[in-house]
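K.L.:
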Amino acid sequence: MTKGKKQSLIAGALTSSAGIFISKALGLLYVVPFTAIAGEANMSFYSVAYTYYDILLSICSAGIPFAVAAMVAKYSNNEDYKTVILVRRLSMALMLLSGFVMAVLFIMVSGPLASSVLGAKKTPEDVAILRNVFMILSLAVVCVPFLSSFRGFYQGLKDLKSYAFSQVLEQLTRVISLLALGAFFVYILDMNNIFAVYMAVLSTSLAAIAAIAYYLIYDRKHYQPIKDLARHQTTRPKEVGELFKEMLLFGLPYLITALLGNSMNIVNNNFFINTATSAGSSYEDAKLALGIIQVQCNKLTSIPQVLALGFSTGIVPYVTISLENRNFKELRRNVLDCLDTVLYIGAPLCFCLFALASPIYYIMYGKGNLSLGSEMLAWSSLLALTGTLSPICSSLMMSLRFRRQSILYLIIGFGVKLATFFPLVKYTGFSGAITSSVATSLVIIFLNLNLIKQKYKVQYARVWRRLGVIVIGLIAMNGCFVLLRWAGLTVVNASRLIGVLQLAAYGILGMITYFITTAFFRLPQHLFHMSLPAMVRRMTRKVIR
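Under our numbering, the sequence shown has 323 at position 229, and the numbering climbs by one with no breaks.
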């Protein structure tokens with residue numbers, strides 16, 4: 095592999111991460127005003143609903159959008175435009191039908207499910223609220239899968255501009271409607287704070303409808319040429335049954351992976367309140383802690399976990415090509431480059447969440463429940479790191495054609511979550527829900543990397559050496575934080591405006607300290623394949639621009 099290729103692997107993955115980061119940042123920013131409008135005690139209803147929404151969405155879609163993109167690309171390349179249109183129609187019908195069925199089932203079980211989630215000490219009022227949230231969210235179970243069929247179609251035509259624009263439009267519509275409608279009902283109409291949660295859930299459907307409307311307008315100009323080409327085609331399209339089978343065979347592995355990937359949240363939502371209350375916690379405290387873990391902390395830990403999405407996407411073509419060419423030396427280098435880079439960038443981000451848990455939580459959510467929130471965020475920083483590495487390892491496994499083993503390891507991880515969750519919550523408190531997830535991720539990471547090592551002779555000694563340098567950098571970063579605290583930058587004792595500036599000083603000076611320390615050992619130079627002056631010049635140019 096040439097130097098340029100190494101750079102393109104890392105650059106491509108970081109570019110993907112940057113795009114996802116913008117979306118995550120929007121999602122993070124709305125949580126602050128939304129929490130103020132809805133009230134922190136109501137956030138558990140929001141988090142529980144979206145966990146089940148993600149599961150239902152996975153079942154409805156089952157990887158179908160990815161299958162549609164692949165099939166559209168395949169048949170349009172073969173100039174079989176009749177089949178392209180048939181794939182589009184079939185996917186839309188399938189998405190609407192599956193979404194409608196799942197929505198009806200969700201409505202039917204909303205009452206019993208709400209009662210089960212809230213546990214033995216539930217109140218009738220809370221059960222009614224959660225049931226209402228489930229029922230409102232059922233509309234999105236119909237709209238969002240239908241939207242994904244449009245995206246899969248245009249993605250297959252390599253029209254990524256419309257794909258990206260629809261995502262931005264959907265996210266902006268969701269955030270604006272969520273905050274505007276929530277504030278209107280709570281502050282203007284003076285209704286209960288729970289209506290902010292209802293409007294937040296409804297905004298998911300409104301955002302999907304806005305994106306669908308965009309595609310319907312977009313179709314007038316860009317779908318008609320496909321129809322014209324199909325009209326002049328003399329060959330017959332593929333049989334519907336054959337296309338249906340191809341679509342499902344492609345999507346099934348994604349369905350299983352998506353369901354197992356949500357297993358940790360499923361366990362938390364279904365058993366946290368019951369387990370915590372049986373261990374002596376009050377019902378209100380358990381409900382509050384669940385909302386903090388599943389919403390506030392998850393939003394913050396999702397920032398370093400952007401790397402997982404970016405690198406999971408970026409590594410696939412490189413590993414696939416190396417495997418196809420049977421260039422195992424290149425394959426091994428790709429795997430190691432991926433792990434090294436993710437650890438180098440992700441570790442300091444996760445460490446900041448740990449070392450600065452109280453200042454970060456205060457700036458984001460205020461002093462209400464600061465003690466509990468800071469404790470949960472500090473523990474969640476461990477999950478931020480393991481939750482970044484675990485999906486990347488699973489993506490490597492899928493790319494290396496270890497699909498069955500990957501699914502098996504996710505099942506084993508689910509077993510670890512079940513086995514550790516109850517005793518850890520019982521004997522260590524609320525943080526046990528987080529540490530059980532950390533244990534789950536560690537098991538999945540170990541099993542995946544061990545199999546890759548056995549099959550492709552990947553040696554991780556280099557990763558361990560570089561991890562040692564990373565740890566030295568983190569120690570130096572912590573020393574910087576200690577000096578700033580001695581200098582009087584306490585953050586939590588200042589106003590939130592001054593606190594933001596103080597926290598920025600922690601972040602900027604801490605990262606500079608980390609970079610200089612690791613650069614002394616020439617780690618970033620080796621990772622990014624350029625000299626220190628070249629890196630400084632490149633970063634300076636980007637800042638100036």
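In this text, a Cβ means the ideal position worked out from N, Cα and C, and glycines have one as well. Since we're looking at a predicted model, the values are computed, not measured.
Tell me whether the beta-carbon of residue 661 lies closer than 8 Å to the beta-carbon of residue 434.
P.N.:
Residue coverage of the chain in this structure runs from 95 to 639, which leaves residue 661 outside it and unanswerable.
K.L.:
Straight-line CA distance for residue 246 to residue 518?
P.N.:
Computed Cα separation, rounded: 42 Å.
K.L.:
Secondary structure at residue 183, three-state DSSP: helix, strand or coil?
P.N.:
In the structure shown, residue 183 sits in a helix (DSSP, three-state: H, G or I).
K.L.:
Under 8 Å by Cβ, that's how I've got residue 567 and residue 608 pegged, so tell me the actual separation to the nearest angstrom.
P.N.:
That pair is a contact at about 4 Å.
K.L.:
Going by beta-carbon coordinates alone, are residue 444 and residue 489 separated by less than 8 Å?
P.N.:
No, Cβ-Cβ distance for residue 444 and residue 489 is not below 8 Å.
K.L.:
With residue 56 as the anchor, note down where its alpha helix (DSSP H) starts and where it stops.
P.N.:
Any answer about residue 56 is impossible in this case: the structure gives the chain only from 95 up to 639.
K.L.:
Tell me whether residue 81 sits in a helix, a strand or coil according to DSSP, three-state version.
P.N.:
For the chain, the structure presents residues 95 to 639; residue 81 sits outside this window and is missing.
K.L.:
Check for me: the alpha helix (DSSP H) holding residue 316 runs from which residue to which?
P.N.:
Run containing residue 316: 288-316, per the alpha helix (DSSP H) assignment.
K.L.:
At the level of alpha carbons, what is the spacing between residue 368 and residue 274?
P.N.:
When rounded, the distance between both Cα atoms is 35 Å.
K.L.:
Taking Cβ to Cβ, would you say residue 454 is nearer than 8 Å to residue 471?
P.N.:
Yes. Within cutoff.
K.L.:
Classify residue 397 as helix, strand or coil using the three-state DSSP reduction.
P.N.:
Correct three-state label for residue 397: coil.
K.L.:
Would you kindly work out how many angstroms separate the C-alpha atoms of residue 237 and residue 194, rounded to a whole number?
P.N.:
Roughly 9 Å separates the two Cα atoms.
K.L.:
Going by CA-CA distance only, name the one from 290, 179, 228, 321 that's closest to residue 198.
P.N.:
Considering only alpha carbons, the answer is 228.
K.L.:
Decide if the stretch 476-487 is in contact with the stretch 335-343; the criterion is three or more beta carbon pairs, one per stretch, under 8 Å apart.
P.N.:
As far as the Cβ criterion goes, the stretch 476-487 does not touch the stretch 335-343, which means the pair count is below three.
K.L.:
Alpha carbon to alpha carbon, how far is residue 363 from residue 621? Give it in angstroms, no decimals.
P.N.:
Their backbone Cα atoms lie some 40 Å apart in a straight line.
K.L.:
Measuring only the C-alpha atoms, how far is residue 330 from residue 176?
P.N.:
Their Cα atoms are separated by approximately 7 Å.
K.L.:
Suppose the cutoff is 6 Å on Cβ atoms and the five residues either side in sequence are ignored; what does the same chain contact list for residue 728 look like?
P.N.:
Not covered by the structure: residue 728. The range shown for the chain is 95 to 639.
K.L.:
Provide the residue span of the alpha helix (DSSP H) that contains residue 521, from first to last.
P.N.:
497-522 is the span of the alpha helix (DSSP H), which, as asked, contains residue 521.
K.L.:
Could you tell me whether the Cβ atoms of residue 124 and residue 272 are closer together than 8 Å?
P.N.:
Their beta carbons are under 8 Å apart, which means residue 124 touches residue 272 by this criterion.
K.L.:
Measuring only the C-alpha atoms, how far is residue 167 from residue 160?
P.N.:
Looking at the two C-alpha atoms, the distance is approximately 11 Å.
K.L.:
Indicate whether residue 511 and residue 357 have their beta-carbon atoms separated by less than 8 Å.
P.N.:
Result yes, Cβ atoms of residue 511 and residue 357 sit closer than 8 Å.
K.L.:
Tell me, to the nearest whole angstrom, how far the beta carbon of residue 658 is from that of residue 305; I am working on the premise that it is less than 8 Å.
P.N.:
A question about residue 658 goes unanswered here, because the residues of the chain that appear run from 95 up to 639.
K.L.:
Do you know how far the Cα of residue 539 is from the Cα of residue 636?
P.N.:
Note that residue 636 scores 47 on pLDDT, short of 50, meaning its location in the model is unreliable and no value can be drawn from it.
K.L.:
Does the Cβ of residue 473 have 16 or more other Cβ atoms within 10 Å, making it buried, or fewer, making it exposed?
P.N.:
So residue 473 counts as buried.
K.L.:
Can you give me the start and stop residues for the alpha helix (DSSP H) that residue 544 sits inside?
P.N.:
It spans 526-550 - the alpha helix (DSSP H) in which residue 544 sits, taken as one unbroken run.
K.L.:
Is the stretch 496-516 in contact with the stretch 533-548, if contact means three or more CB pairs nearer than 8 Å?
P.N.:
The stretch 496-516 vs the stretch 533-548: in contact.
K.L.:
Here's a check: name, in chain order, each residue in its chain whose Cβ is nearer than 8 Å to the Cβ of residue 324, leaving out the five neighbours to either side.
P.N.:
Result list for residue 324: 175, 176, 178, 179, in chain order.
K.L.:
Can you list, in chain order, the residues of its chain with a C-beta nearer than 6 Å to that of residue 302? Leave out the 5 residues immediately preceding and following it.
P.N.:
Answer for residue 302: 237, 238, 241, listed in chain order.
K.L.:
For residue 260, collect the residues of the same chain with a Cβ closer than 8 Å to its Cβ; drop the 5 residues on either side in sequence, then sort them by chain order.
P.N.:
Only 241, 244, 245, 305, 308, 309 meet the Cβ criterion.
K.L.:
In chain order, what residues of the same chain have a beta carbon less than 8 Å from the beta carbon of residue 557, not counting five sequence neighbours either side?
P.N.:
Closer than 8 Å at Cβ, skipping near neighbours: 430, 433, 434, 437.
K.L.:
Can you tell me which of the three DSSP states residue 462 falls into?
P.N.:
Reduced to three states, the DSSP call for residue 462 is coil.
K.L.:
Would you kindly check if the distance between the Cβ of residue 134 and the Cβ of residue 382 is under 8 Å?
P.N.:
Going by C-beta atoms, residue 382 is nearer than 8 Å to residue 134.
K.L.:
Excluding five sequence neighbours on each side, which residues of the same chain lie with their C-beta closer than 6 Å to the C-beta of residue 552?
P.N.:
If we look at residue 552 and ignore the five residues flanking it on each side, its Cβ neighbours are 426, 429, 546.
K.L.:
Does the beta-carbon distance from residue 520 to residue 290 come in below 8 Å?
P.N.:
Contact flag unset, no.
K.L.:
Measuring CB to CB, does residue 276 end up less than 8 Å from residue 128?
P.N.:
Yes, the Cβ-Cβ distance between residue 276 and residue 128 is below 8 Å.
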